[in-house]
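Adding 6 to a residue's 1-based position in the sequence shown gives its number in this note's numbering. Note that the Cβ used here is the ideal one computed from N, Cα and C, for glycine as well. Notes to accompany the following structure.
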Amino acid sequence: MEPRGSAEVLPTHTPALFERAVRQAAIRLCAGDLVALPTETVYGLAANALDAQAVAKIFSTKGRPASNPIIVHVASLEMARQCVAAWPDLADRLAAAFWPGPLTLVLSRASCIPAIVTAGGPTVGVRWPSHPFMQAVIGACGFPLAAPSANAASQLSPTSAEHVLSGLGDRIRLIVDGGPAQVGIESTVVDLTKDPPQVLRPGMIHAESLLAVTGKLAGPDERGGGSGPLRSPGQLPRHYAPKARLTIWSWSSEEELKARLAQSGW
7 MEPRGSAEVL PTHTPALFER AVRQAAIRLC AGDLVALPTE TVYGLAANAL DAQAVAKIFS
67 TKGRPASNPI IVHVASLEMA RQCVAAWPDL ADRLAAAFWP GPLTLVLSRA SCIPAIVTAG
127 GPTVGVRWPS HPFMQAVIGA CGFPLAAPSA NAASQLSPTS AEHVLSGLGD RIRLIVDGGP
187 AQVGIESTVV DLTKDPPQVL RPGMIHAESL LAVTGKLAGP DERGGGSGPL RSPGQLPRHY
247 APKARLTIWS WSSEEELKAR LAQSGW
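Shown next, in the form of structure tokens:
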């Protein structure tokens, strides 16, 4: 992809700037362009999820494999239901417990969702983010947004507008600065087309919390239990590979994890 110069970065730290950024982002998204947007998890590279040509720009800009599906972001339960072919009672219970928030539900996709979004698969991941800017821009557009992390494929997910500018600033036109991401890792993904429901990608919402709602839960495996199309991002054998020393923690409950994070100054 040819560089188009440095992206414009729009601040949002006052009500007037927030509204201006919503308008500018919505204009570009409605025109089929890409916009980097803040969410509570990580920054996302967004496009109209109902426009196959717009979504194709995400793959080319990121260098993302066509086999890797993209999560669809919504701003209401009604919009979520429109993206899927069936909405089970369990989806209602999980949405009531964790939405808006960092949980993605995988369900059978509706015909309005282009196949490119789901990597040709029969399911789609849907999430209602809690970040106020993401909610506002989806509402202004009136359509769901396909939005993987706003970084080149295999690179670390960005948690600030500065990270996006450094990684993709010469490939996109607009970045909205909504401040640091509050969660800092991608959403937990749960496949509700399986019995029991299956965690496809771990995230901030721990299995313990999910089990309190679902009653039963299967853990993740490399390709989600089969050789067919991937059902979620994060299932490829190689995902993110930081070039740094890492400390690996294990924990038995969310309370223990939060305590250890607090002790470490996170």
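Three-state secondary structure (DSSP) of Glu84: helix
May I ask which residues mark the beginning and end of the beta strand (DSSP E) holding Gln59? No beta strand (DSSP E) contains Gln59, which is instead part of the alpha helix (DSSP H) from Ala58 to Lys68.
Based on Cα-Cα distance, which residue from Ile76, Pro94 and Ser258 lies nearest to Ala159? Selected option, being the one with the closest Cα: Ile76.
Confirm, please, whether the CB-CB distance from Arg87 to Trp93 is below 8 Å. A contact, by the Cβ cut-off of 8 Å.
Is the Cβ-Cβ distance between Val15 and Leu171 less than 8 Å? yes
Measuring CA to CA, which of Pro203, Ala72 and Thr47 is closest to Leu111? Pro203
Between which two residues does the alpha helix (DSSP H) harbouring Pro120 extend? That residue, Pro120, is in no alpha helix (DSSP H); it is neither H nor E in DSSP.
Assuming Leu51 and Ile64 form a contact by the criterion Cβ under 8 Å, report the distance between their Cβ atoms to the nearest whole angstrom. 6 Å
Can you grab the Cα-Cα spacing for the pair Ser238 / His79, in whole Å? 14 Å
I need the DSSP call for Arg26, collapsed to helix, strand or coil. helix
Val182 - DSSP class collapsed to helix/strand/coil: strand
Let me make sure I understand the geometry here. Which of Phe149, Val28, Ser258 and Phe24 has the alpha-carbon closest to that of Ala213? Ser258
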